[in-house]
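Asker: Residue numbering for the sequence shown follows the UniProt record's numbering, beginning at 1 and increasing consecutively.
In this text, a Cβ means the ideal position worked out from N, Cα and C, and glycines have one as well.
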Amino acid sequence: MYKLKSNNVSVEIDQTTMELRSIKLKDQEYTYQHTNDWKKNWPILFPICGTLKDNKFTHKDQEFSLPRHGFFRDLKDWKITDKSNEHVVFTTTSDKKFLNVYPFEFRIDFTVKIAEDSVQTIFKVKNLSKEEMYFSFGYHPAFLVKQDGVLKFSSKEIFHTDNEKMLYLKKNPKTKFDFTEVKIKDIDFKGSQFYWTDNLQSDFVEYTDDEKSFKINLKEFPVCLLWAEENNRDYICIEPWFGTADSDQRVDNKISNKDNILTLGVDEEWSNTFVMELK
């Protein structure tokens, strides 16, 4: 476990999966600590978000298979390439290890920074292939919450829940839930239900209860999901994505035509900065 610590903020990073295992402001924990059946903290989703239809995609007439959310947690050989008291940079390259499931080569730099009242992560990917690279990227962080706590988006947000138990999204969803401002206990997660929007308007979302609050930036992310494994849990996953699960009606399974897919030219880089403010 790699640790960063400032006067007020401390972070613990799993050097195998790059999950943020703990985020504390002074002695107040903000990250879910495996108190329920779900045993993850902050998964990173790459090179897909959600589920592919039949778990497959094609590229140049060749078929590939990927599990839900991709293989980021299976990346190995992370090296620390820069560090200080306030930040650390982890780097790895694909090195042909995943070509049987994903036909592109890449390098990833993952940076974690801390300040007096915030945590920042920077995800940067470089295309090392000799052709355009297609990918999705997202975060799946689980935050400690109370049932009377309030979630408030900075703009009006309508979520949907027409899905098939974490599989495909309905192309034309009928359900609409206004979660612009909502108490955690008023979101029905029964049966591992999740809620999604692929038309995210908010620059940030803020959570508040009688002990703590936090704000996370959503600017630039087109997609957001809310999930917990069941009702009455002590956490909620707020998941900003660049990408979506396949729809139930998808016919064309070319990765280049996937909804919200990101594209990188040869030797190009793409990065995203995620900020969490703690109170």
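Over what stretch of residues does the beta strand (DSSP E) that includes Thr-58 continue unbroken?
Answerer: Sequence index remark: in the sequence shown, residue 58 carries index 58 (1-based). Residues 56–59.
Asker: Note down, in chain order, each residue of its chain lying with its Cβ closer than 7 angstroms to the Cβ of Thr-17, except the 5 sequence neighbours on either side.
Answerer: Start at 1 with the first residue of the sequence shown, and residue 17 comes out as number 17. Same-chain partners within the cutoff: Arg-73.
Asker: Quick one: residues in its chain with C-beta nearer than 7 angstroms to the C-beta of Arg-68, no 5 flanking neighbours on either side, listed in chain order?
Answerer: Indexing the sequence shown from 1 puts residue 68 at position 68. For Arg-68, where only same-chain residues beyond five positions count, the Cβ hits under 7 angstroms are Gly-50, Thr-51.
Asker: Helix or strand or just coil, what does DSSP make of Lys-123?
Answerer: Numbered from 1 along the sequence shown, position 123 holds the residue referred to as residue 123. What sits at residue 123 in the sequence shown is Phe, not Lys. Strand at Phe-123.
Asker: For Asp-267, which three-state DSSP category applies?
Answerer: Locating residue 267 in the sequence shown gives position 267, where the first residue counts as 1. Asp-267 falls in the coil class under three-state DSSP.
Asker: Tell me the rounded alpha-carbon separation between Val-145 and Glu-277.
Answerer: Counting from one through the sequence shown, the residue named residue 145 turns up at place 145. Counting from one through the sequence shown, the residue named residue 277 turns up at place 277. If you take the alpha carbons of Val-145 and Glu-277, they lie about 15 angstroms apart.
Asker: Assuming Asn-207 and Gly-149 form a contact by the criterion Cβ under 8 angstroms, report the distance between their Cβ atoms to the nearest whole angstrom.
Answerer: Counting from one through the sequence shown, the residue named residue 207 turns up at place 207. Counting from one through the sequence shown, the residue named residue 149 turns up at place 149. The question names Asn, yet the displayed sequence has Tyr at residue 207. Rounded, the Cβ-Cβ distance is 6 angstroms, consistent with contact.
Asker: Should Thr-31 and Ala-142 be called a contact, given that it needs their Cβ atoms to be closer than 8 angstroms?
Answerer: As a position in the sequence shown, residue 31 is number 31, starting the count at 1. As a position in the sequence shown, residue 142 is number 142, starting the count at 1. Yes, these two residues count as a Cβ contact at 8 angstroms.
Asker: If distances are taken between C-alpha atoms only, which option among Lys-279, Met-133, Lys-183, Lys-130 comes closest to Lys-152?
Answerer: As a working note, residue 152 is residue 152 in the sequence shown. With distances taken between Cα atoms, Lys-152 lies closest to Lys-183.
Asker: May I ask you to report which of helix, strand or coil DSSP gives Asp-186?
Answerer: As a first step, residue 186 is located in the sequence shown; it is residue number 186 there, counting from the start. Looking at Asp-186 - three-state DSSP - the assignment turns out to be helix.
Asker: Can you give the beta carbon distance from Ser-136 to Trp-241, rounded, assuming they're within the 8 angstroms contact cut?
Answerer: Numbered from its first residue, the sequence shown carries residue 136 at position 136. Numbered from its first residue, the sequence shown carries residue 241 at position 241. About 7 angstroms separates the two Cβ atoms, so the contact holds.
Asker: Using 8 angstroms as the threshold, is the C-beta distance between Leu-226 and Phe-274 below it?
Answerer: As a working mapping, residue 226 is identified with position 226 in the sequence shown. As a working mapping, residue 274 is identified with position 274 in the sequence shown. No, the pair does not count as a contact, with Cβ atoms beyond the cut-off.
Asker: Looking only at its chain, what residues have a beta carbon closer than 8 angstroms to the beta carbon of Glu-116, apart from the 5 residues adjacent to it on each side?
Answerer: Here residue 116 refers to the residue found at position 116 when the sequence shown is read from its first residue. Contacts found: Ser-6, Asn-7, Asn-8, Val-9.
Asker: Could you check if Lys-165 is buried or exposed, using at least 16 other CB atoms within 10 Å of its CB as the buried criterion?
Answerer: Indexing the sequence shown from 1 puts residue 165 at position 165. Confidence is the limiting factor: at Lys-165 the pLDDT is only 48, short of 50, which leaves the residue's position unreliable, though a coordinate-based value still follows. By the 10 Å Cβ count, Lys-165 comes out exposed.
Asker: Can you say whether Glu-19 is buried or exposed, counting buried as having 16 or more other CB atoms within 10 angstroms of its CB?
Answerer: Numbered from 1 along the sequence shown, position 19 holds the residue referred to as residue 19. By the 10 Å Cβ count, Glu-19 comes out buried.
Asker: Under a three-way DSSP split, which group does Lys-53 fall into?
Answerer: As a position in the sequence shown, residue 53 is number 53, starting the count at 1. The answer is helix: DSSP assigns Lys-53 an H, G or I state.
Asker: Which ranges would you report for the beta strand (DSSP E) in the region 65–112 if only whole runs of at least 3 residues count?
Answerer: Fully enclosed beta strand (DSSP E) runs of 3 or longer: 79–83, 87–93.
Asker: Determine the direct distance from the alpha carbon of Lys-40 to that of Glu-268, and round the result to whole angstroms.
Answerer: Along the sequence shown, one-based indexing puts residue 268 at 268. Along the sequence shown, one-based indexing puts residue 40 at 40. Using only the alpha carbons, I get a separation of about 31 angstroms.
Asker: Across which residues does DSSP place Asn-217 in a beta bridge pair?
Answerer: Taking the first residue of the sequence shown as position 1, residue 217 is located at position 217. Paired residue(s): Phe-204.
Asker: Roughly how many whole angstroms lie between the Cα atoms of Asp-248 and Phe-123?
Answerer: As a working mapping, residue 248 is identified with position 248 in the sequence shown. As a working mapping, residue 123 is identified with position 123 in the sequence shown. Rounded to whole angstroms, Asp-248 to Phe-123 spans 30 angstroms at the Cα level.
Asker: Report the partner residues of Ser-118 according to the DSSP bridge assignment.
Answerer: Position 118 of the sequence shown, counted from the first residue, corresponds to residue 118. Paired residue(s): Glu-277.
Asker: Whole-angstrom Cβ separation of Thr-93 and Leu-66, contact assumed at under 8 angstroms?
Answerer: As a first step, residue 93 must be located in the sequence shown, where it is residue number 93. As a first step, residue 66 must be located in the sequence shown, where it is residue number 66. With 8 angstroms as the limit, Thr-93 and Leu-66 do not qualify as a contact, their Cβ atoms being about 19 angstroms apart.
Asker: How is Lys-10 classed by DSSP in three states: helix, strand or coil?
Answerer: Within the sequence shown, residue 10 is the residue found at index 10, counting from 1. According to the sequence displayed, residue 10 carries Ser and not Lys. If DSSP states are grouped into helix, strand and coil, Ser-10 belongs with the strands.
Asker: Thinking just about the alpha-carbon of each residue, which of Lys-254, Thr-121, Glu-230, Cys-237 is nearest to the one in Gly-191?
Answerer: Here residue 191 corresponds to residue number 191 of the sequence shown, with the count starting at 1. Ranking the options by Cα distance to Gly-191, first place goes to Glu-230.
Asker: Around the C-beta of Leu-200, are 16 or more other C-beta atoms found within 10 angstroms, so that it is buried, or is it exposed?
Answerer: Locating residue 200 in the sequence shown gives position 200, counting from the first residue. When all chains shown are included, Leu-200 counts as buried.
Asker: On the premise that Phe-159 lies in contact with Asp-196, defined as a C-beta separation below 8 angstroms, what is that separation, rounded to the nearest angstrom?
Answerer: Here residue 196 is taken as the residue at index 196 of the sequence shown, counted from 1. Here residue 159 is taken as the residue at index 159 of the sequence shown, counted from 1. Note that residue 196 corresponds to Trp in the displayed sequence, not to Asp. With a Cβ gap of about 6 angstroms, Trp-196 and Phe-159 count as contacting.
Asker: Give me the DSSP bridge partner(s) of Lys-3.
Answerer: Here residue 3 refers to the residue found at position 3 of the sequence shown. Lys-3 is bridged to Glu-12.
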